[in-house]
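Okay, so here's the structure we're looking at.
Protein chains: 2
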Amino acid sequence: MEPISDVWELFPHQRAVRAFDQRPVPEEHITRILDAAMRAPSSQNGMPWRFIVVTDQAQKDALSPVYERCFDKVYGANAPDRAAGREPWSKTPVLIVVLAEAPNGRTSMMTGASVYPAVQNLMLAARALGLGSVITTLWRLENDAIRAILEVPEGWEIAAIVPVGYPDHPWGKSRRPPAADYTFRDRWGG
Amino acid sequence: MEPISDVWELFPHQRAVRAFDQRPVPEEHITRILDAAMRAPSSQNGMPWRFIVVTDQAQKDALSPVYERCFDKVYGANAPDRAAGREPWSKTPVLIVVLAEAPNGRTSMMTGASVYPAVQNLMLAARALGLGSVITTLWRLENDAIRAILEVPEGWEIAAIVPVGYPDHPWGKSRRPPAADYTFRDRWGG
Numbered sequence: 148m149e150p151i152s153d154v155w156e157l158f159p160h161q162r163a164v165r166a167f168d169q170r171p172v173p174e175e176h177i178t179r180i181l182d183a184a185m186r187a188p189s190s191q192n193g194m195p196w197r198f199i200v201v202t203d204q205a206q207k208d209a210l211s212p213v214y215e216r217c218f219d220k221v222y223g224a225n226a227p228d229r230a231a232g233r234e235p236w237s238k239t240p241v242l243i244v245v246l247a248e249a250p251n252g253r254t255s256m257m258t259g260a261s262v263y264p265a266v267q268n269l270m271l272a273a274r275a276l277g278l279g280s281v282i283t284t285l286w287r288l289e290n291d292a293i294r295a296i297l298e299v300p301e302g303w304e305i306a307a308i309v310p311v312g313y314p315d316h317p318w319g320k321s322r323r324p325p326a327a328d329y330t331f332r333d334r335w336g337g
Numbered sequence: 148m149e150p151i152s153d154v155w156e157l158f159p160h161q162r163a164v165r166a167f168d169q170r171p172v173p174e175e176h177i178t179r180i181l182d183a184a185m186r187a188p189s190s191q192n193g194m195p196w197r198f199i200v201v202t203d204q205a206q207k208d209a210l211s212p213v214y215e216r217c218f219d220k221v222y223g224a225n226a227p228d229r230a231a232g233r234e235p236w237s238k239t240p241v242l243i244v245v246l247a248e249a250p251n252g253r254t255s256m257m258t259g260a261s262v263y264p265a266v267q268n269l270m271l272a273a274r275a276l277g278l279g280s281v282i283t284t285l286w287r288l289e290n291d292a293i294r295a296i297l298e299v300p301e302g303w304e305i306a307a308i309v310p311v312g313y314p315d316h317p318w319g320k321s322r323r324p325p326a327a328d329y330t331f332r333d334r335w336g337g
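The listed protein sequences correspond, in order, to chains Z and F. Per our numbering, the first sequence starts with residue 148, numbered consecutively. Per our numbering, the second sequence starts with residue 148, numbered consecutively.
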């Protein structure tokens with residue numbers, strides 16, 4: 148998958164990539180991706196986020212079956228794409244865990260306002276470098292087990308886990324309805 | 148402020164712009180901005196968002212004092228930048244209201260995972276076109292009053308209100324610490 152640096156080409160080429168070839172991701176790419184995330188806006192520029200870059204095979208092997216249990220919980224034997232389009236985390240080159248500051252363990256939609264823009268920068272930067280990624284949240288069903296493996300302390304919550312790697316095949320543009328179908332003028336229904 | 152389409156230049160040039168000149172924003176720019184937002188990822192590609200583009204002066208004049216009340220609540224007479232760097236919404240060329248689907252009126256951090264990436268695309272696209280924007284959430288202190296003016300129905304929550312316009316002066320790059328200061332390896336503290 149070719150790198151893309153023109154933003155108007157980049158937006159439509161962001162796809163949810165869940166299967167990767169085994170080429171490692173260069174460390175300098177990880178640095179560029181995270182530096183892009185740091186540029187995102189946050190309330191009072193507080194940057195209330197941390198990143199854990201997981202490449203250690205033992206850690207991926209520990210996380211992977213927990214995530215699979217989440218799929219089993221939701222989908223049973225019919226977990227989507229298990230055979231083809233989705234690979235287990237044990238085979239994913241890099242997992243980027245994004246954490247949000249959560250004083251007293253409390254989060255809300257507003258917590259997300261100061262962390263998901265950074266996640267989006269991260270994923271756009273990955274695609275710009277020719278890497279695929281996907282935002283995952285299903286692991287929330289086993290949040291305690293995932294936290295324990297990653298040794299996340301109180302006061303922080305995992306906001307997203309983002310597998311990153313070179314995709315197993317190239318991806319074209321996404322399809323979307325026109326924004327006009329989702330847009331009102333001046334008031335709801337306008 | 149010049150347009151920027153190279154994503155590596157774009158990320159560091161996204162700034163929180165709160166004061167605008169009075170040039171109107173072309174309708175085709177609004178369309179491009181919202182089409183970029185539509186390309187963002189969301190859970191199961193559900194696109195659980197709507198946009199309200201507010202340009203009607205009467206609506207802006209209704210919203211503006213409510214937002215000012217929020218500043219008064221938090222800052223009293225010392226509201227930041229009231230004189231210089233921040234303008235009231237009544238003078239803002241466009242307000243883009245981003246709504247998130249909230250079944251039974253309930254939201255969580257995970258609601259944000261499927262809407263703030265779209266907000267970030269929106270703001271990056273604006274900057275790419277030479278426009279400034281800022282993500283605001285302080286109006287939450289008067290959420291009911293804002294909802295009433297915008298006629299937001301049950302089942303939807305306002306996730307962000309984003310003023311958009313040509314900035315009153317050019318902005319350079321943001322400053323950020325290196326990502327390494329915010330990053331662990333394999334586990335918290337690693």
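Note that CB positions come from ideal geometry on N, CA and C, so glycine has one too. The structure presented is a predicted model; accordingly, all values stated were derived computationally and were not measured.
ask   = Do Asp153/F and Ser152/Z have their C-beta atoms closer together than 7 Å?
value = yes
ask   = Buried or exposed: Val221/Z, going by 16 or more other Cβ atoms within 10 Å of its Cβ?
value = exposed
query = Under 9 Å Cβ-Cβ, which residues of chain F neighbour Trp286/Z?
reply = None at all; the shortest Cβ gap to chain F is about 11 Å.
task = Under 6 Å Cβ to Cβ from Tyr214/F, same chain only, skipping five residues before and after it: list those, please.
result = Trp236, Trp286
Nearest neighbour of Thr254/F, chosen from Gly259/Z, Asn251/Z, Gly252/Z [CA to CA] = Gly259/Z
task = Taking only beta-carbon positions, decide if Ser211/Z is within less than 7 Å of chain F.
result = no
ask   = Just reading off the beta strand (DSSP E) that Phe331/Z is part of, what are its end residues?
value = 330-332
inquiry  = Let me check understanding here. Comparing Cα to Cα, which of Val172/F, Glu175/F, Ser189/F, Ala166/F lies closest to Val266/F?
reply    = Ser189/F
task = Could you tell me whether the Cβ of Tyr222/Z comes closer than 7 Å to any Cβ of chain F?
result = no
message = Output needed for Leu308/F: all residues of its chain with C-beta closer than 7 Å, excluding positions within five of it in sequence on either side, in chain order.
response = It is worth fixing the name first, because residue 308/F is Ile in this sequence and not Leu. For Ile308/F, where only same-chain residues beyond five positions count, the Cβ hits under 7 Å are Leu242, Val244, Thr283, Trp286.
ask   = How would you list, in chain order, the residues of chain F whose beta-carbon sits under 8 Å from the beta-carbon of Ser237/Z?
value = Neighbours of Ser237/Z on chain F: none; closest Cβ ~14 Å, over 8 Å.
ask   = So the alpha helix (DSSP H) Val241/Z belongs to, where does it begin and stop?
value = Val241/Z -> not in any alpha helix (DSSP H); beta strand (DSSP E) instead, spanning 241-248.
request  = Can you check DSSP and say which residues form a bridge with Pro324/Z?
outcome  = In the DSSP output, where bridge partners are listed per residue, Pro324/Z has none listed.
inquiry  = My output table needs one value for Thr283/Z: the three-state DSSP class, helix, strand or coil.
reply    = strand
key: 6 Å CB neighbourhood of Val262/F in its chain, flanking five on each side removed   = Trp196, Ala247, Ala306
ask   = Given that Ile199/Z touches chain F, what residues does it touch there, using C-beta distances under 9 Å?
value = Thr330, Phe331, Arg332, Asp333, Arg334, Trp335, Gly337
request  = Please classify Glu156/Z: does DSSP put it in a helix, a strand, or coil?
outcome  = helix
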